[in-house]
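**Student:**
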Amino acid sequence: MRIGNVMENDDAILSNLFLTVGIMPSVSGFTYLKTAVRNYKRLDGNMNEICQIIANENSVTKGAVERDMRTALANAYSRGWLMRLNEILGIEIIVPHEKLRVK
0 MRIGNVMEND DAILSNLFLT VGIMPSVSGF TYLKTAVRNY KRLDGNMNEI CQIIANENSV
60 TKGAVERDMR TALANAYSRG WLMRLNEILG IEIIVPHEKL RVK
């Protein structure tokens, strides 16, 4: 279990990363994506379970969580900013002109 500044630092790192790749904090998907990233490894990448947990925490449907994350990513992608993630990671994870998926 993580406590104190470590968790706050992780939140700041994720926020900065998302801002760098064009995911805006003004959309619900921003917060949902941060929660998804924090839980991804612990839940073995099970996006159904991750989205359900986020939905329960925010009193919304799982479908709303999926839609909001997809919209946040699609907006960043359409502006061309999401391609920066490839540079940051040093691998091609975002492929131009390929359908974007939340997973």
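Everything in the sequence shown is counted per numbering that gives the first Met the number 0, starting at 0 for the first residue and increasing by one.
All C-beta atoms in this analysis are idealised placements derived from N, C-alpha and C, irrespective of residue type, glycine included.
The model shown is predicted, which means the values in this text are computed figures rather than measured ones.
Return the first residue and the last residue of the alpha helix (DSSP H) that leucine 84 is part of.
**Tutor:** 83–88
**Student:** Check glutamate 65 in the structure and name its three-state DSSP category.
**Tutor:** helix
**Student:** Quick check: the Cα distance between threonine 19 and isoleucine 92, rounded to an integer number of angstroms?
**Tutor:** Cα to Cα, the separation comes out at about 16 Å.
**Student:** What does a CB cutoff of less than 6 Å around asparagine 57 pick up in its chain, not counting 5 residues either side in sequence?
**Tutor:** none
**Student:** Measure how close the beta-carbons of leucine 32 and methionine 82 come, nearest whole angstrom, since I'm counting them as under 8 Å.
**Tutor:** With 8 Å as the limit, leucine 32 and methionine 82 do not qualify as a contact, their Cβ atoms being about 17 Å apart.
**Student:** Quick one: what's got a C-beta closer than 6 Å to lysine 61's C-beta in the same chain, skipping five residues either side?
**Tutor:** Cys50, Gln51 and Ala54
**Student:** Going by C-alpha to C-alpha distance, which of Leu16, Glu97, Val64 and Ala11 sits closest to serine 77?
**Tutor:** The shortest C-alpha separation from serine 77 is found at Glu97.
**Student:** Compute the beta-carbon to beta-carbon distance between threonine 70 and valine 26, rounded to the nearest angstrom, for a pair I have assumed lies under 8 Å.
**Tutor:** Between valine 26 and threonine 70 the Cβ distance is about 7 Å, and since that is below 8 Å, they are a contact.
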